[in-house]
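What follows is a single structure, written as structure tokens, with notes after it.
Number of protein chains: 2
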Amino acid sequence: MPVRSEAESYTIEFQPVGIHGHCPAGKSLLDCARQLGVGINSVCGGAGTCGNCRVRVLNGHVSPVTTQEHGYLSPSDLKNGWRLACQTYPAGNIKIEIPPESLSAPQRTQVEGLHVEVRPDPVVDSYRVSMTPPSLTDMLGDADRVVQTLNKQLVKPCTLVDFTVLRQLSMRVRELGWECQVAVRSEELIALDRYPSRRVGLAVDLGTTKIAAYLVDLDSGKTLAKRGATNPQVGFGDDIISRLSSAMKSADAAHQLQETVVRSLNSMIEEMCRETGTQPGQVLETVLVGNTAMHHLFLGLAVDQLSRSPFVPAVSSAIDVKASNLGLRITPGGYVHLLPNIAGFVGADHVAVLVATKPWRYRKGAVLTIDIGTNTEVSLSQGGKITAVSCASGPAFEGGHIRHGMRAMPGAIERVRISDGTIQYQTIDGAPPIGICGSGILDSLAEMYRAGIVDERGRIQTSHRWVRDGGNGREFVLVEAKGDNREIVITQGDVRELQLAKAAIRTGILALLENAGLREEEITRVIVAGAFGSYIDIASAISIGMLPSLPLRRYRQVGNAAGTGARLALLSRKERKRAQDIAARTHYLELAGVPGFTQTLAETTHLGKYRISRGKKSPL
Amino acid sequence: MPVRSEAESYTIEFQPVGIHGHCPAGKSLLDCARQLGVGINSVCGGAGTCGNCRVRVLNGHVSPVTTQEHGYLSPSDLKNGWRLACQTYPAGNIKIEIPPESLSAPQRTQVEGLHVEVRPDPVVDSYRVSMTPPSLTDMLGDADRVVQTLNKQLVKPCTLVDFTVLRQLSMRVRELGWECQVAVRSEELIALDRYPSRRVGLAVDLGTTKIAAYLVDLDSGKTLAKRGATNPQVGFGDDIISRLSSAMKSADAAHQLQETVVRSLNSMIEEMCRETGTQPGQVLETVLVGNTAMHHLFLGLAVDQLSRSPFVPAVSSAIDVKASNLGLRITPGGYVHLLPNIAGFVGADHVAVLVATKPWRYRKGAVLTIDIGTNTEVSLSQGGKITAVSCASGPAFEGGHIRHGMRAMPGAIERVRISDGTIQYQTIDGAPPIGICGSGILDSLAEMYRAGIVDERGRIQTSHRWVRDGGNGREFVLVEAKGDNREIVITQGDVRELQLAKAAIRTGILALLENAGLREEEITRVIVAGAFGSYIDIASAISIGMLPSLPLRRYRQVGNAAGTGARLALLSRKERKRAQDIAARTHYLELAGVPGFTQTLAETTHLGKYRISRGKKSPL
């Protein structure tokens, strides 16, 4: 083993929490995580005797496997990169995945959404079937017996039995004494269970960064349980483009991307079922929404054509896929319904937001619907016409590409105020600050601008006492290192990232308005959807010029409306149909084809409140 | 290692050829096989350097793996029991599988069937689709583009794209330059290929002992290639009952039974495709027929209820299963259609025979249709009414449970004549005799009876010069050991097996006639279907009382009519529909419920020509 200087240090990135930093050589992964403020479970305190600190090495070199680890990790675990954090030492720059069960404090994800009432009318119907058992004078096949008895109750006969149901049917009907409950979807028998049995469905909003899942009672329409989690694909890249590149590298990588999301959904399903006393076999249908890339990666569809102009999806229409074809553990005969995509980068998630928020209800108005994320979708609804754009806002608002950025977890700074020469901040759960999440980053920029620490063009001012030269440019010290506190700064690079992100959104909004011949002040309502959108301070977003300067009462933050749309499509045939209508009639506007796009993008990087029209800015 | 006497000998059974015998200890499996007349490939002459003599140990103990074997067998091969025959020595009684590629002379299986003309009208239609590629002003999803272009040609629109097709569609349409041929089944797009592409289908008759497969051109109706093979499930048991018992032992065993047939079919498909220059992706549909047990084992359906009174199938109706769900390598989106079952032991294979032979065409007659096999199905068609029975004839006619019985392979005695004090026999391909196959066994019994070597009750007569006491009872020496010739005998036990087998068939026939109020002489036609049925000498079958004593011209041997029925259902929607009608209107008669069944069974074990009515026999 080469002699190693203790002064040597490595870059360590922890996913899915999104924290990265430097750690001196000679520290275990458990110690590195603690130093960067990431809590990993460890009951034995690092002795290698509890097995709680399981992590996965995604890339880079680490120390050899120890005897202790063999006691907690199978050969296949080890082959897949699993290690105990307390027994493993970096031997270079590395990237580590911390699975949810090893994480001591969960990440805050947005599962709260708009509450919309709907009369339950799901696509899956259930019937009680009581049969006369077979005998030597009545030797009809078991499946035929079930279907013939069932069809006496139906107007439109059931003509098909799911193959996995068929394989178990003979055993099941005997166990149940020829009295059962069957679930029918279109003309297909998709599940057979004890009578009476609960009917449950799953709604999923699959975001680039976050997953929100809802277990919904199909009879009452009530949400029985909710779960939020980080999309584990972040280990393959923060943003959509790097995620798609990973998938294109090899069929194996594409398969891993698909599998990792399904595994995550399966554990969410399992947890929610346990919490509510539901059997996974009682989950009869799933509706999943996501942007086009997430939709494709979840299904394992080809993405090459999605990554190259003209950015065409493999499929735009709504589709139904057997859950078993995807490895999703609901009832084996059940389906996953995916809402339709509008275009390459305006996906089913935006359709779901529109289903949930129904902007056409504001009859005479011009309604802007914005779902802010790594990719931001904006649509303008006016007089029954809907036009949509997609803005490459990037991962900055999720804490990505920001020096001390992190996802929304305990210890993340989420609010910042600078007044009277003091900096005030608020962290999630009041924990000691370990980084800044999206809303905190947005607030920081707004407050720095207001306090004159950055100018309109985003240049950090040397004159300020909290500003210093960080070697790679100026940086603003938001939190000073003191006691256990880690130093947290906003760099000139961070400010540039934010400027690009917010300019992308504002440019998209402007393109829609110009296309419709409207001025910003003619917008009657702005619906801000999405996890990030519901935590941000709208006033801050306006003050840096990300959102149009309109009276605050025209804004409405609706939380995870995509999740709500998925729930509506799960519960109601009518809403599911409506999603198809919306997708069919929404016009997609390709920003790259809008005249003056680049100029507008450049202009809107400027901070401050302003109006802009045809690339010309007028300050307010 | 214990000292072993060279005098020690082991019982060795070779499957699927069905040969078993004793071999002295100290001989390799290759030598044992040669001694019993079974040809195993070996280029190196037993030196362990060619790897041609791969066999699989199904059960029993053998010598340890040698260094030579490691060069030809992977660890997983070894784990699954694969060995080189020249390197392996029995260490007890053993059962060995010889895979087709290691067998030097192929088994004769029946693939020739009735020729029936039909106008091709298959369930799969093909269309040419020429599309305008997407652009920045036309970003419709790829699958939507294909379907929308296709639907302009269709009256009933295509509404569904198979998921495996969808996963590859984007790549494929680009490779093909937006010009392709699609296959549509009902409303589903199941394949996408280059235009123009051949349309082919597969028809399979899956027998308990034999598999016959036909590659059929869906446009011309022509059979492009045929293949016969032994059903590899024989390794799990010769007859249906032992096959079902194997499947019930564990889910794993059931899975193996399913997998082994599919593997065998896949290699038949591969060979036929290679022979005809067809791509497996051009095979768009499969029709498979088999008895109910084979049908269930092929699909992996539960069989417990099939093995216990009242012997109910998991499903009686015709069903369609995605080939990919079964592991069958035709086009991944294609279906396997299984014709309907009539009852627990009258399966889709008999329906197929009826579809092929159409007994209702003989308007005024009473037509008996017999498919002789390990399980023999008999039906009586009269005035539009069809009644069917199932007879447990057992494996004797396939060479099973017969001392020197074997399947129909080169060297099997297939014809026997005893006259003027000499025994004449004919072997398959004129090879030196190594055993007796079904038709030879039947002939032997008939000739032995005619020559007075057995009496009416089946007792072998001591007085005869070719009869001796074999230790376990009397035996008739059919072939004397001379030079390389192995001795071949018919034992008293063999005669008993044959009596039971033929009595089962005759009893089934009688039960049908009595049920219809007919006498044997009122039968106007007897259709004898099946591999065995087409090789037997009908006069011999009559002379031992297996078949009714009717003028020979009323008999018709039609070869593999089940295979022909499968081909018809593959080629024609009308014939497929007809199969469903036949299954629905055929009445199943359970022999166990027929009064006097046991008595009739006892009476019909007698040899000789006779009429029988209500259990009373009248000699002719």
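Listed in order, the protein sequences are those of chains A and B. Mapping the first sequence onto our numbering, position 601 (from 1) lands on 601, and the numbers just tick up by one. Every number in our numbering is 620 more than the matching position in the second sequence, counting from 1. We put the CB at the ideal spot given by N, CA and C, even for glycine.
Inset, instruction - Kindly indicate if chain A contains any beta-carbon less than 8 angstroms away from that of tyrosine 1208 of chain B. - result: Against the second sequence, residue 1208 of chain B aligns to sequence position 588. Chain A contact via Cβ: present.
Inset, instruction - With 9 angstroms as the C-beta to C-beta threshold (strictly closer), list the residues of the region 758 to 790 of chain B near chain A in chain order. - result: Asp758, Met759, Leu760, Gly761, Asp762, Ala763, Asp764, Arg765, Val767, Leu780, Val781, Phe783, Thr784, Leu786, Arg787, Gln788, Leu789, Ser790
Legend entry - Spatial neighbours of tyrosine 195 of chain A in its chain, beta-carbon cut-off 7 angstroms, leaving aside the 5 residues before and after: Locating residue 195 of chain A in the first sequence gives position 195, counting from the first residue. If we look at tyrosine 195 of chain A and ignore the five residues flanking it on each side, its Cβ neighbours are Arg128, Glu179, Cys180, Gln181.
Inset, instruction - Mind checking which residues open and close the alpha helix (DSSP H) that includes asparagine 886 of chain B? - result: Within the second sequence, residue 886 of chain B is the residue found at index 266, counting from 1. Where asparagine 886 of chain B is concerned, the enclosing alpha helix (DSSP H) stretches over 871 to 896.
Legend entry - Run of the alpha helix (DSSP H) containing asparagine 151 of chain A, from where it starts to where it stops: Looking up residue 151 of chain A in the first sequence gives position 151. First-last of the alpha helix (DSSP H) with asparagine 151 of chain A: 142 to 151.
Inset, instruction - Report yes if the C-beta distance between phenylalanine 1152 of chain B and isoleucine 992 of chain B is below 8 angstroms; otherwise report no. - result: Your numbering for residue 1152 of chain B matches position 532 in the second sequence. Your numbering for residue 992 of chain B matches position 372 in the second sequence. Yes, Cβ-Cβ distance for phenylalanine 1152 of chain B and isoleucine 992 of chain B is below 8 angstroms.
Legend entry - 7 angstroms Cβ cut-off: residues of chain A touching glycine 964 of chain B: On the second sequence, residue 964 of chain B is found 344 positions in, with the first residue counted as 1. Under the 7 angstroms cutoff, chain A gives Met139.
Legend entry - Under 9 angstroms from the C-beta of leucine 885 of chain B: neighbouring residues of chain A: Within the second sequence, residue 885 of chain B is the residue found at index 265, counting from 1. What leucine 885 of chain B touches in chain A: nothing, since even the nearest Cβ is about 18 angstroms away.
Inset, instruction - Have a look at valine 1087 of chain B and valine 1074 of chain B and give me their C-alpha separation to the nearest angstrom. - result: What you label residue 1087 of chain B is simply residue 467 of the second sequence in a count that begins at 1. What you label residue 1074 of chain B is simply residue 454 of the second sequence in a count that begins at 1. Rounded to the nearest angstrom, the two C-alpha atoms are 10 angstroms apart.
Inset, instruction - Return yes when the Cβ of leucine 620 of chain A is within less than 8 angstroms of the Cβ of isoleucine 509 of chain A, no when it is not. - result: The sequence position of residue 509 of chain A within the first sequence is 509, counting from 1. The sequence position of residue 620 of chain A within the first sequence is 620, counting from 1. Not closer than 8 angstroms, so no.
Legend entry - Three-state secondary structure assigned by DSSP to serine 307 of chain A: Taking the first sequence and counting its residues from 1, the one referred to as residue 307 of chain A is at position 307. The answer is helix: DSSP assigns serine 307 of chain A an H, G or I state.
Inset, instruction - Would you kindly check if the distance between the Cβ of alanine 874 of chain B and the Cβ of alanine 1186 of chain B is under 8 angstroms? - result: Residue mapping note: residue 1186 of chain B aligns to position 566 of the second sequence, counting from 1. Residue mapping note: residue 874 of chain B aligns to position 254 of the second sequence, counting from 1. Going by C-beta atoms, alanine 1186 of chain B is not nearer than 8 angstroms to alanine 874 of chain B.
Legend entry - Length of the line joining the Cα atoms of glutamate 626 of chain B and valine 935 of chain B: Locating residue 626 of chain B in the second sequence gives position 6, where the first residue counts as 1. Locating residue 935 of chain B in the second sequence gives position 315, where the first residue counts as 1. Caution applies to glutamate 626 of chain B, whose pLDDT of 48 falls short of 50 and renders its modelled position unreliable; the model cannot decide the point.
Inset, instruction - Please confirm if threonine 1220 of chain B has its CB atom under 8 angstroms from at least one CB of chain A. - result: Counting from 1 along the second sequence, the entry for residue 1220 of chain B is found at position 600. Not one chain A Cβ lies under 8 angstroms of threonine 1220 of chain B.
Inset, instruction - Answer yes or no: does any C-beta atom of chain B fall closer than 8 angstroms to that of asparagine 325 of chain A? - result: What you label residue 325 of chain A is simply residue 325 of the first sequence in a count that begins at 1. Closer than 8 angstroms: yes.
Inset, instruction - Could you please give me the residues that DSSP links to glycine 1179 of chain B through a beta bridge? - result: Here residue 1179 of chain B refers to the residue found at position 559 when the second sequence is read from its first residue. Bridge partners of glycine 1179 of chain B: B:Ala1149.
Legend entry - Nearest residue (CA-CA) to aspartate 217 of chain A, options A:Ile96, A:Gln282, A:Pro433, A:Asp239: The count along the first sequence starts at 1 and reaches residue 217 of chain A at position 217. Considering only alpha carbons, the answer is A:Gln282.
Inset, instruction - Whole angstroms is fine: what's the gap from serine 648 of chain B's alpha carbon to valine 677 of chain B's? - result: Translated into positions along the second sequence, residue 648 of chain B becomes position 28. Translated into positions along the second sequence, residue 677 of chain B becomes position 57. Distance between the alpha carbons of serine 648 of chain B and valine 677 of chain B is about 13 angstroms.
Inset, instruction - Report the neighbours of asparagine 623 of chain A on chain B: residues whose CB is nearer than 9 angstroms to its CB, in chain order. - result: Only positions 1 to 620 of chain A appear in the structure, and residue 623 of chain A is not among them; the question remains open.
Legend entry - Beta-carbon spacing of alanine 833 of chain B, leucine 844 of chain B below 8 angstroms: Within the second sequence, numbered from 1, the residue matching residue 833 of chain B stands at position 213. Within the second sequence, numbered from 1, the residue matching residue 844 of chain B stands at position 224. Contact flag unset, no.
Legend entry - glycine 300 of chain A: contacting residues in chain B (beta-carbon distance under 7 angstroms): In the first sequence, counting from the first residue as 1, residue 300 of chain A sits at position 300. Those are Arg787, listed as they occur along chain B.
Legend entry - Within 8 angstroms, strictly: CB atoms of valine 204 of chain A and leucine 288 of chain A: For this step, residue 204 of chain A is matched to residue 204 along the first sequence. For this step, residue 288 of chain A is matched to residue 288 along the first sequence. Going by C-beta atoms, valine 204 of chain A is nearer than 8 angstroms to leucine 288 of chain A.
Inset, instruction - For the alpha helix (DSSP H) holding alanine 33 of chain A, just list the boundary residues, first then last. - result: Counting from one through the first sequence, the residue named residue 33 of chain A turns up at place 33. Run containing alanine 33 of chain A: 29 to 35, per the alpha helix (DSSP H) assignment.
Inset, instruction - Below 8 angstroms CB to CB, which residues in the same chain sit around threonine 286 of chain A once its five sequence neighbours on both sides are set aside? - result: Start at 1 with the first residue of the first sequence, and residue 286 of chain A comes out as number 286. Cβ neighbours of threonine 286 of chain A beyond the five flanking positions: Gly201, Leu202, Ala203, Val204, Ala323, Leu328, Ile330, Gly334, Tyr335, Val336, His337, Leu570.
Inset, instruction - Please confirm whether proline 960 of chain B and glutamine 768 of chain B have their CB atoms less than 8 angstroms apart. - result: Against the second sequence, residue 960 of chain B aligns to sequence position 340. Against the second sequence, residue 768 of chain B aligns to sequence position 148. No.
Legend entry - Residue nearest to alanine 1051 of chain B in terms of C-alpha spacing, selected from B:Leu1062, B:Asn1105, B:Ser1013: Counting from 1 along the second sequence, the entry for residue 1051 of chain B is found at position 431. Nearest option by C-alpha distance: B:Asn1105.
Inset, instruction - Indicate whether glutamine 35 of chain A and glycine 48 of chain A have their beta-carbon atoms separated by less than 8 angstroms. - result: By 1-based counting over the first sequence, the position of residue 35 of chain A is 35. By 1-based counting over the first sequence, the position of residue 48 of chain A is 48. No. Outside cutoff.
Inset, instruction - Report the rounded CA-to-CA distance for arginine 4 of chain A versus cysteine 23 of chain A, giving the unit in angstroms. - result: Here residue 4 of chain A refers to the residue found at position 4 of the first sequence. Here residue 23 of chain A refers to the residue found at position 23 of the first sequence. Only weak support is given to the placement of arginine 4 of chain A: the predicted model assigns it a pLDDT of 45, under 50, and the question is left unresolved by the model.
Inset, instruction - Classify proline 706 of chain B as helix, strand or coil using the three-state DSSP reduction. - result: For the purposes of this step, residue 706 of chain B is taken as residue 86 along the second sequence, with counting starting at 1. At residue 706 of chain B the sequence reads cysteine, which differs from the proline that was named. In the structure shown, cysteine 706 of chain B sits in a helix (DSSP, three-state: H, G or I).
Inset, instruction - In angstroms with no decimal places, state the Cα-to-Cα distance between proline 622 of chain B and alanine 645 of chain B. - result: Within the second sequence, numbered from 1, the residue matching residue 622 of chain B stands at position 2. Within the second sequence, numbered from 1, the residue matching residue 645 of chain B stands at position 25. Only weak support is given to the placement of proline 622 of chain B: the predicted model assigns it a pLDDT of 42, under 50, and the value that follows is read from those uncertain coordinates. Answer to the nearest angstrom: the Cα atoms are 13 angstroms apart.
Legend entry - Where the region 230 to 263 of chain A meets chain C: residues whose CB sits under 9 angstroms from a CB there: Absent from the structure: chain C. Protein chains present are A and B.
Legend entry - Pair within 8 angstroms by beta-carbon distance, arginine 1126 of chain B and glycine 1078 of chain B: In the second sequence, counting from the first residue as 1, residue 1126 of chain B sits at position 506. In the second sequence, counting from the first residue as 1, residue 1078 of chain B sits at position 458. Their beta carbons are not under 8 angstroms apart, which means arginine 1126 of chain B does not touch glycine 1078 of chain B by this criterion.
Legend entry - Candidates A:Thr137, A:Met131, A:Cys53, of which the one nearest serine 102 of chain A by Cα: Taking the first sequence and counting its residues from 1, one reaches residue 102 of chain A at position 102. Of A:Thr137, A:Met131, A:Cys53, the residue nearest in Cα terms is A:Cys53.
Legend entry - Alpha carbon of glutamate 270 of chain A to alpha carbon of valine 261 of chain A, nearest angstrom: Position 270 of the first sequence, counting from 1, holds the residue named residue 270 of chain A. Position 261 of the first sequence, counting from 1, holds the residue named residue 261 of chain A. C-alpha separation (whole angstroms): 14 angstroms.
Legend entry - 8 angstroms CB neighbourhood of isoleucine 810 of chain B in its chain, flanking five on each side removed: As a working mapping, residue 810 of chain B is identified with position 190 in the second sequence. For isoleucine 810 of chain B, where only same-chain residues beyond five positions count, the Cβ hits under 8 angstroms are Val744, Asp782, Val785, Ala803, Val804, Leu904, Thr951, Gly953, Gly954, Tyr955.
Inset, instruction - Would you identify the three-state DSSP class for valine 467 of chain A, choosing helix, strand or coil? - result: What you label residue 467 of chain A is simply residue 467 of the first sequence in a count that begins at 1. Valine 467 of chain A: strand per DSSP, three-state reduction.
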